[in-house]
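Taking the working numbering, I'd label the letters of the sequence shown as residues 25 to 182. We put the CB at the ideal spot given by N, CA and C, even for glycine. Computed from a predicted structure; not experimentally measured. All remarks here apply to the structure that follows.
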Amino acid sequence: MTLEDLYRNQQMRMVRLAILLVDDPATAEDVVQEAFTGLYRNWSQLRDSKAAVGYLRTAVVNGSRSVLRRRKTAREYQPPHQPDARSAESLAMLSSEHQAIVAALGHLPRRQREVLVLRYYGNMSEGEIAEATGVSKGTVKSTASRALEALQKQLGNA
25 MTLEDLYRNQ QMRMVRLAIL LVDDPATAED VVQEAFTGLY RNWSQLRDSK
75 AAVGYLRTAV VNGSRSVLRR RKTAREYQPP HQPDARSAES LAMLSSEHQA
125 IVAALGHLPR RQREVLVLRY YGNMSEGEIA EATGVSKGTV KSTASRALEA
175 LQKQLGNA
């Protein structure tokens, strides 16, 4: 029996098994594909091609368990408390113009906010920002441009 034969004969059976375990067809298909990928990687080490079905079934069950563990962890995760508001003392230290800018920064997407803060507060160059954020210099430039435009719109409406 070849791996191709095994795929033709067992793929749908394994997907049905995974659907029963994870209760989501798309996730079940991913689990089965991962199982077949693992089997493909270890095909040359398999002593008996008849054992491949058992290996595959075990891989699907284990993959499904992993999915269920990740789901449970995601449901139970509570991010650490991050206050949305600045302290009264820090706000008192800022002028009203600075307060408006800080508030407007809070409404920007994460990457835009990071680029502007690193550029204007951290006094970093585009190259340094690119290295710190893991994006290209061109992305830093375009992100900064879009962020400044968004800030101008927000501050103009305020």
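When we look at the beta-carbon of residue i and count the other beta-carbons within 10 Å, is it buried (16 or more) or exposed?
{"i": "Leu-44", "result": "exposed"}
{"i": "Leu-175", "result": "buried"}
{"i": "Val-55", "result": "buried"}
{"i": "Ala-154", "result": "buried"}
{"i": "Val-164", "result": "buried"}
{"i": "Met-38", "result": "buried"}
{"i": "Val-126", "result": "exposed"}
Note down the Cα distance separating residue i from residue j, rounded to an integer number of angstroms.
{"i": "Ala-50", "j": "Val-85", "result": "16 Å"}
{"i": "Gly-180", "j": "Gln-123", "result": "14 Å"}
{"i": "Gly-78", "j": "Asp-48", "result": "23 Å"}
{"i": "Ser-166", "j": "Val-159", "result": "11 Å"}
{"i": "Ala-156", "j": "Asn-66", "result": "39 Å"}
Does the separation of the CB atoms of residue i and residue j fall below 9 Å?
{"i": "Ala-83", "j": "Glu-58", "result": "yes"}
{"i": "Arg-81", "j": "Leu-41", "result": "yes"}
{"i": "Ala-52", "j": "Leu-63", "result": "no"}
Which residues bound the alpha helix (DSSP H) around residue i?
{"i": "Tyr-31", "result": "27–46"}
{"i": "Gly-78", "result": "75–100"}
{"i": "Leu-140", "result": "134–140"}
(message) Using 8 Å as the cut-off, can you tell me whether the segment 137–146 makes contact with the segment 83–101, which would need three or more C-beta pairs spanning the two stretches below that distance?
(response) With fewer than three CB-CB distances shorter than 8 Å, the segment 137–146 does not count as touching the segment 83–101.
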